[in-house]
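Taking it in order: structure first as structure tokens, then the write-up.
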Amino acid sequence: MHTNQVEHTSNVVGGGSELRADDMLMIYRCMRCEKLLAPITSGCSSCGSDDLESVPSSGAGSVVSWRVVDRAPTDRQGGLVPLTIAIVELDEGPWVYTSLEGEIPSSAGPSVRVQFQPHPREGRFPVFAVSTRLP
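If you number the sequence shown the way my numbering does, the last residue is 117 and the count never jumps.
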């Protein structure tokens, strides 16, 4: 059973504040073991429970892996356009499949920081933007 608990912004996992519900990345918390899980999941990977509650994430994380792929544009006719797909580890722990906006710095160290973008132009996965702020 999935429950949604978006009413209280003080419930933001990771210390975020003053965000509207539609501006937040929602993740799941297992009601049995408290494990935090990715937004696209049907059950807890630790205890097997399907009793999950929806909780807001801070939306910040680090890129685990990324790759640029070519895809057909959805908003116009024409040639292929680049899309950066990635796996982001949220500061709360869950890994999220996503696309990235912005350039990955070529001189980036071991960690590229990103921030959730609440209103992506298109796509079914969450979108993150490369952050210029230090962690």
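Note that beta-carbon positions come from the ideal geometry of N, C-alpha and C, so glycine has one too.
Remark: C-beta atoms of L19 and L34 approach each other more closely than 8 Å. Rounded to whole angstroms, the separation of the alpha carbons of R53 and Q99 is 21 Å. In its own chain, leaving out the 5 sequence neighbours on each side, no residue places its CB closer than 7 Å to the CB of R58.
For V37 and P64, the gap between their C-alpha atoms comes out near 32 Å. Taking the C-beta atoms as reference points, S81 is found nearer than 8 Å to T66. About 6 Å separates the beta carbon of E83 from that of V109, a gap short enough to meet the 8 Å contact definition. Burial of E74 is indicated by the presence of at least 16 other C-beta atoms within 10 angstroms of its C-beta. DSSP places E74 outside any beta strand (DSSP E), giving it a letter other than H or E.
Collapsing the DSSP output to three states places D52 in a strand. Exposed is the label assigned to G30, since fewer than 16 other Cβ atoms lie within 10 Å of its Cβ.
Under DSSP, F110 takes part in a beta bridge, and its partners are L82 and F98. Take the alpha-carbon of G41 and the one of G60: they are about 33 Å apart.
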